[in-house]
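The sequence shown begins at 2 in my numbering and counts up by one.
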Amino acid sequence: MKTNQELVGRDFLTIDDFSTEEIEFLLYEAAELKKQKGILDVLKGKVLGMIFEKASTRTRVSFEVAMLKLGGHALFLSAKDIQLARGEPIEDTAEVLSRYVDALMIRTFDHRTIKRFAEAASIPVINGLTDTHHPAQVLADLLTMKEQKGRLKDLKVTYFGDGNNVAHSLIEGASKVGMNLTIACPVGYEPDNQIITNAEQTAKQTGATIQVIHDSIEAAKGAEVLITDVWASMGQEKQQKERINVFAPYQVNEDLCKFASDDYIFMHCLPAHRGEEVTETIIDGPHSVIFQEAENRLHVQKALLKSLLS
Ligand code: CP
Ligand code: NVA
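Here you go:
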């Protein structure tokens, strides 16, 4: 088991930034921190700056509360209210903020934006979602699967929907922990080829399998975990109507879930659109673990912040 020492000062832009051992350490830490109810002082005097270019409920609140629970403080920086929106360069913003705060969490559109921040900043930069990655979400998802199913290795997980941010981080996560992951998506909405190729390399060491298919029923067969996400992500609102037609065969509903393992769990990063990517009967039904998954954002965030900052 690794120690905090090896994670101190690191950036967390993608799941791939951490090794299998480091991910296992973070999940172990998160489970330990979940048991502790009071306020710790491990990050006393430390400040996290949080820049949001997109809306957020879970990411904002879980990072802010995690800092508070570890004895530190978090600053919410709405991108439209800081000089970034008026054209101040990313590099200047990163350099200045590095002199005020101890770490930055950023939610933005283009992944290249967060990479530029990380290159210019002298403090850890954490990805709170970009168009192509959502690594903090997937750490919480892995913790939830481990709690629910008792293992990650060889777990049969199927993701239904768009091959974008959540799917990409899930692919990277699955490859690190040895899962059998299937992505079921419409033609033209497949995950990025480079991410799959890299994950396949990692999978050679961990025994993971990653497959992308278009047949949702085939993908559901025997799945122990069914995951989905919205059909139109933040920034894609104008495509909402056309996406509803394209993604309809990938809706997680009672007919589809009949093909899953009897004791399957249903997961969703939230926010969800009931009646689109998932029916009410499934998301609010007995197999759903969405609120445990959302709660785990907090515990994983605590483990991450403690490890990068203390
Ligand atoms: N799952 C997730 O990242 O939720 P928010 O958009 O509310 O942060
Ligand atoms: N794929 C979604 C995830 C939201 C947490 C989006 O990017 O909007």
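We put the beta carbon where it would ideally sit given N, CA and C, even for glycine.
Query, Result
"Residue ranges of each alpha helix (DSSP H) within the stretch 115-167, 4 or longer", "136-150"
"Close-in-space but distant-in-sequence residues of the same chain around Asp163 (CB under 6 Å, 5 per side omitted)", "Tyr190"
"Leu140 Cβ short of 7 Å to the ligand NVA heavy atom set", "no"
"Nearest candidate by alpha-carbon position, reference Ile197, set Asn166, Ile218, Leu143, Ala224", "Asn166"
"Residue burial classification, Pro272 (beta-carbon count within 10 angstroms, cutoff 16)", "exposed"
"8 Å contact criterion, which Asn199 and Asp17 should meet: CB distance rounded", "7 Å"
"Straight-line gap, Pro136 to Ala67 (C-alpha atoms, nearest Å)", "17 Å"
"Glu23 vs Glu7 beta-carbon contact at 8 Å", "yes"
"Neighbour-count burial assignment, Arg108, 16 or more Cβ in a 10 Å radius", "buried"
"Distance cut-off 7 Å: Pro287 Cβ against heavy atoms of the ligand CP", "no"
"beta-carbon Met235 near the ligand NVA non-hydrogen atom, thresh 7 Å", "yes"
"Thr60 CB to nearest heavy atom of the ligand CP below 7 Å", "yes"
"Any C-beta of chain D under 8 Å from that of Val48", "Protein chain content of the structure displayed is limited to a single chain, and chain D is not contained in it."
"Span of the beta strand (DSSP E), counted from its first residue to its last, around Val213", "210-214"
"Under 8 Å between C-beta atoms of Asp155 and Asn181", "yes"
"Alpha carbon of Lys303 to alpha carbon of Thr210, nearest angstrom", "30 Å"
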